[in-house]
Structures are given as C-alpha cells and as structure tokens.
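Everything below concerns the one structure shown next.
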DNA sequence: AGAGCGTTTCGGTGTTCACCGAAACATTCG
DNA sequence: CGAATGTTTCGGTGAACACCGAAACGCTCT
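Chains as they are written, first to last, in our numbering: chain A, 2 to 258; chain B, 2 to 258.
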C-alpha cells in the first residue's frame, strides 16, 4: 500500500493527505446499507433483476431503489442494461459476486444454528440452488464431496482439478484446459452460509452448473434461485458420481467428521 | 473472551421484517468509514497496534480512534488486548485479514497508475514486506514464482502444494501435513495491490514467512511492514530456489508473459 | 505522592444519507 | 391518441454518525 508515507515521527494529519483507504471505504460503503445488501444478495443468483423487482424485494419505494442502483452501478459492483421501460441490473462480474459471497459468508450468523427447518421455500433453497453461476446448497456440497471422493478434485492442498478430473469434465463435453486463461481461478471453494461446507466454484463450478442446466439435470423452480433435480439428473448423478437420492435429501448423512 | 454478550439475536430490526442482509450491511459498515479502513489496512501487517498509533496514522483525535476501535472490536473484526495503559488491537483472525485483503484488492485503483513514483520508504515496501502473516512485495512474488517454476507449487488449477513441495517444506523443518486441519486453506493466492501478481498465502505462506524470519533470511525494517533480506537470506534463496539478487531487485525481470 | 502519558467518557456540532410522496419521463399496449 | 406501467427527478424530513475539545480515568515511572 502506498498510503503511509513516512509517518513515524511527525504526525502529518490535520487533513486527509491522500486517498489511501478511501477507496476501500467507498467500496465497503456500497454494501454497508441493508437495502443495497439485500439487492446484492438477491443478485447472487447471477441473473438480471429489474429495479422494481428489487424494490419490492427489499420493501422500499421505487424511487429509493433507483437511487441505490445508481450507487451500485456507479461503484462498479453492478452493470445495467436498459430494455424498454425496464432497467435490468446484474452483478458486474464474477469478482464482484465473489466479493459479495465472501462478505456474506463472513457475516453469516456466528452462532449459526445447525438445524434450520424453515418454510418449504427455504428447504427447497437448502436442497439445491444456484450461487451466482455455480451450484450450491446440499446439491453443490454433495457433488463436490463426490468429486473429492473419486479423486477428480483435490482439496487437501487447495482446491484443484486433478488430471482424472480434467478427463471427467472432458467426457461431459466441458473442456477446462481451453479456458481463456483469465484472472478467474479455475477451481475455487465457495463457503455458503446455509451449508457450512465449501463447494466447487470458479470456472469449473460455473461450467458444471451450466452443463447441469443444459443437460436437464435440474431446472429452476419459480423465479428464484432454487433448483429441482430432474429424473434424468438423478440418473446422471448416480451414474457419474454415485450420488443417491438419500445423499441429495440428506437422509443418513450427518456430520462426516 | 467475553464476546458472548450481544451478538446472538438482537431481535430489534427497527422496521425491517426479517434480518436478511442486515448482517452483511453491518459488517460492510465497519469498513465503510475511511478512518476505520485505514486502521484495518495498517493492521494487515499482522501485528498489534496501540490506539494512539492508529489515531496518529489516520490523523484523527485519540477520542475518535477509541470509538472506532470499539466498533471494530465489537463487530468481531479486531481483537484487543489491554496491557497497562495501552490498548493493543489486531485483526481477529486470518479470515478477517483475508476479508480486508480481498476488499482492498477489489477496491484497488481501477485506473491504476503504472508508475509508482515512490519515496525510499515506498520502494522498500515494494521490495519486501509482510502481508498479515505471509511474505508480499517483490520478494513474495519472486518466491512464489520460483516455487511454481520448480514444481513445488502448482497454480494452473488452483494454488496447491505438490508432493515435491511438501518434501521441500519438510526439508525446511516445516511440516505442512501436520496442520491442524482447520478452516484455513493450506495454500491460498493473495493478490496484492502494489505487485499485481498473486503470491503465496494461507498456512503454507504463513509458515514460510515465519521460517524466513526465524532463520534470519530477512528482518524487519523500522517499525513497519517493510523487510530487508539479509545476506544469509540471499544465500538461502539462491541455494534453495535459485533466486538471484537481480530477481529480488527486479533488474532484468520485466513481464514474463 | 506527583508528573506524564495513553485512553476513555461526555457533550455538542455539522454533514451525510436513506427514505418517502408527488410529479415528470419514457415505453408499451389497447 | 390515451391509459397503464416502470423508472426517474425533485424537494424535504429525520436519523445516524464522524469528529472534536475538555475533563476524567488509569497506569508507569521518578
């Protein structure tokens, strides 16, 4: 950081000399409001929402939502896309999504209650959902566990796709070696706040999620992030990863450690 | 500690029906103030600072700093340790440090000026410093590059210590296999905002930094995060990783693609 | 004990900012 | 065109909150 010049001896305050952590404060300020935080959490589904939808979700007037979106877009966290009379917004990129995830995970209820038997909507979300662009919920965790168990993914020194894993993905028609070599990590762990275990994110996670939706393994329920695993999906998961229905519903699976 | 006081369930959302993203907003709010942001950035050196030091650093009155520290400690981002008339604070844990890092990296100046005209203090920091508990600056990047080159670390599918790497660390007297199996990732990439390249963090990064200081490879300059590589350090880096003085000063090392 | 220093509490000030309702725009549909 | 719908602009209000100085508190050292 180039903030602190040589402050040891003379205190040179009196006025803010340069802009050091001001950028950090500015960024954090975007998420420091509950309404904006709700917006971003909702947008973690990776899709575009309209301003009105977000306003209703957060329980504020459309005018208020409009102002918040100005801030979020202006801050680079969101991008917008006007279509007719609608203003669609989405998270700007995967880095921004990761930031929100990370914050949310860290902010997750510290005395997290193990058993959350919520409404039926909540259980559906807990079972399977998307998290920005990858699979989360019980489904995401179970798949990640299966990949680890079969040596397709290795966690003990990070989160890396193995050689076998590359072949496995290739068999699905997903070529991980041909990735655009961008900044985005190929395999990344995402710690979700309902399941307390990490699950696969990053390029590999996104590719897997896309494939799952394309191949009809699962489909979206309603207009939210929740997913439903189809029959073909169940069959595929069993064939490819040995995942049973009991695994998916969390029947006999307690705490494996 | 006595932290089990007020965080579990305040249950007074004032007006919002449920508490959804309010925890996120609360956490982000801690870093949404420039003074508090400066505090946290300074604390990224992993050491404990007194309230007065932080006040002078940020250019605010001691009374103001005191209040900010109350908030940061209360929010769980910092822990405090009273010693006589001093109030020492430090980042609560590596997770909190990672959070600040991540935010800072994302908030890094988007129109980042390539040329960092630095005072001598700045160049020293750019050359070698600590970042919470691991090595950063040119030194950190060079070591990480060397580890990658020699196959001790692998990045192309994450950031993982290889089998050879485990043996290499073991030869240093650092046993990475005996790690406490905690939540902390063994190997993690930390993207610093002066060097724009990732360098080794996580348990392995911390162990390496500790060893470097213990073995006298480098020593702290002044009271800040800056480090100086000693002669024995130079010799060790050359012997173990083939790192030359030119590498360290960044002489002929431009952009390796 | 008393001087010195770091820290905290207290009262007060000024600014920022989230929020709303109403009216103005803009787009789509009948 | 005129009605319905989604969004934005425009005041205005109220509540946080960052900040300071002064005084009080507590520890250390002479």
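Yeah, the Cβ is synthetic: ideal placement off N, Cα and C, and Gly gets one too.
Continuous beta strand (DSSP E) stretch holding residue i: start and end
{"i": "residue 135 of chain B", "result": "135-137"}
{"i": "residue 189 of chain B", "result": "189-192"}
{"i": "residue 202 of chain A", "result": "199-202"}
{"i": "residue 131 of chain A", "result": "130-132"}
C-alpha gap between residue i and residue j, whole angstroms
{"i": "residue 30 of chain A", "j": "residue 138 of chain B", "result": "28 Å"}
{"i": "residue 47 of chain A", "j": "residue 40 of chain B", "result": "33 Å"}
{"i": "residue 71 of chain A", "j": "residue 144 of chain B", "result": "43 Å"}
{"i": "residue 239 of chain A", "j": "residue 83 of chain A", "result": "43 Å"}
{"i": "residue 154 of chain A", "j": "residue 58 of chain B", "result": "45 Å"}
{"i": "residue 132 of chain A", "j": "residue 107 of chain B", "result": "20 Å"}
{"i": "residue 246 of chain A", "j": "residue 228 of chain A", "result": "15 Å"}
{"i": "residue 79 of chain B", "j": "residue 37 of chain B", "result": "11 Å"}
{"i": "residue 55 of chain B", "j": "residue 74 of chain B", "result": "14 Å"}
{"i": "residue 115 of chain B", "j": "residue 198 of chain B", "result": "Bear in mind that the predicted position of residue 115 of chain B carries a pLDDT of just 45, short of 50, making it too unreliable to give a figure here."}
{"i": "residue 176 of chain B", "j": "residue 210 of chain B", "result": "14 Å"}
{"i": "residue 233 of chain A", "j": "residue 92 of chain A", "result": "31 Å"}
{"i": "residue 90 of chain B", "j": "residue 52 of chain B", "result": "7 Å"}
{"i": "residue 35 of chain A", "j": "residue 125 of chain A", "result": "25 Å"}
{"i": "residue 117 of chain B", "j": "residue 127 of chain B", "result": "In this predicted model, residue 117 of chain B has a pLDDT of only 46, less than 50, meaning its place in the structure is not dependable; the value taken from the coordinates is given anyway. About 10 Å."}
{"i": "residue 76 of chain B", "j": "residue 97 of chain B", "result": "11 Å"}
{"i": "residue 152 of chain B", "j": "residue 186 of chain B", "result": "19 Å"}
{"i": "residue 230 of chain B", "j": "residue 140 of chain A", "result": "49 Å"}
{"i": "residue 101 of chain A", "j": "residue 49 of chain A", "result": "16 Å"}
{"i": "residue 219 of chain B", "j": "residue 213 of chain B", "result": "6 Å"}
{"i": "residue 169 of chain B", "j": "residue 216 of chain B", "result": "16 Å"}
{"i": "residue 113 of chain B", "j": "residue 204 of chain B", "result": "For residue 113 of chain B, the pLDDT reaches just 43, beneath the cut-off of 50, and the residue's location in the model is therefore unreliable, leaving the point undetermined."}
{"i": "residue 189 of chain A", "j": "residue 160 of chain A", "result": "6 Å"}
{"i": "residue 23 of chain A", "j": "residue 201 of chain B", "result": "27 Å"}
{"i": "residue 207 of chain A", "j": "residue 191 of chain A", "result": "12 Å"}
{"i": "residue 25 of chain B", "j": "residue 43 of chain A", "result": "13 Å"}
{"i": "residue 119 of chain A", "j": "residue 236 of chain A", "result": "Because the pLDDT of residue 119 of chain A is 45, which lies under 50, any placement of that residue in the model is unreliable, and the number read from its coordinates should be weighed accordingly. Near 28 Å, if we compare the C-alpha coordinates of residue 236 of chain A and residue 119 of chain A."}
{"i": "residue 129 of chain A", "j": "residue 33 of chain A", "result": "28 Å"}
{"i": "residue 94 of chain B", "j": "residue 86 of chain A", "result": "47 Å"}
Limits of the unbroken alpha helix (DSSP H) element including residue i
{"i": "residue 78 of chain A", "result": "Run containing residue 78 of chain A: none; DSSP gives neither H nor E here."}
{"i": "residue 245 of chain B", "result": "Counting along the chain, residue 245 of chain B falls outside any alpha helix (DSSP H), and DSSP gives it neither H nor E."}
{"i": "residue 107 of chain A", "result": "95-108"}
{"i": "residue 45 of chain B", "result": "Residue 45 of chain B -> no alpha helix (DSSP H), and no H or E assigned at all."}
{"i": "residue 33 of chain B", "result": "Run containing residue 33 of chain B: none; DSSP gives neither H nor E here."}
{"i": "residue 55 of chain A", "result": "52-59"}
Bridge partners - residue i, DSSP secondary structure assignment
{"i": "residue 88 of chain B", "result": "B/83"}
{"i": "residue 228 of chain B", "result": "B/221"}
{"i": "residue 161 of chain A", "result": "A/155"}
Contact set between residue i and chain A, taken where Cβ atoms lie within less than 7 Å
{"i": "residue 96 of chain B", "result": "107"}
{"i": "residue 207 of chain B", "result": "Within 7 Å Cβ-Cβ: nothing; residue 207 of chain B doesn't reach chain A, min ~14 Å."}
Amino acids of chain A, ordered along the chain, whose beta-carbon sits closer than 8 Å to that of residue i
{"i": "residue 173 of chain B", "result": "None at all; the shortest Cβ gap to chain A is about 16 Å."}
Chain B contact residues for residue i, given Cβ-Cβ distances below 9 Å
{"i": "residue 103 of chain A", "result": "99, 100, 103, 104"}
Review point. Between the region 21-39 of chain B and chain A, which residues of the former have a C-beta closer than 9 Å to a C-beta of the latter?
Key: 21, 22, 23, 24, 25, 26, 27, 28, 29, 30, 31, 32, 33, 34, 35, 36, 37, 38, 39
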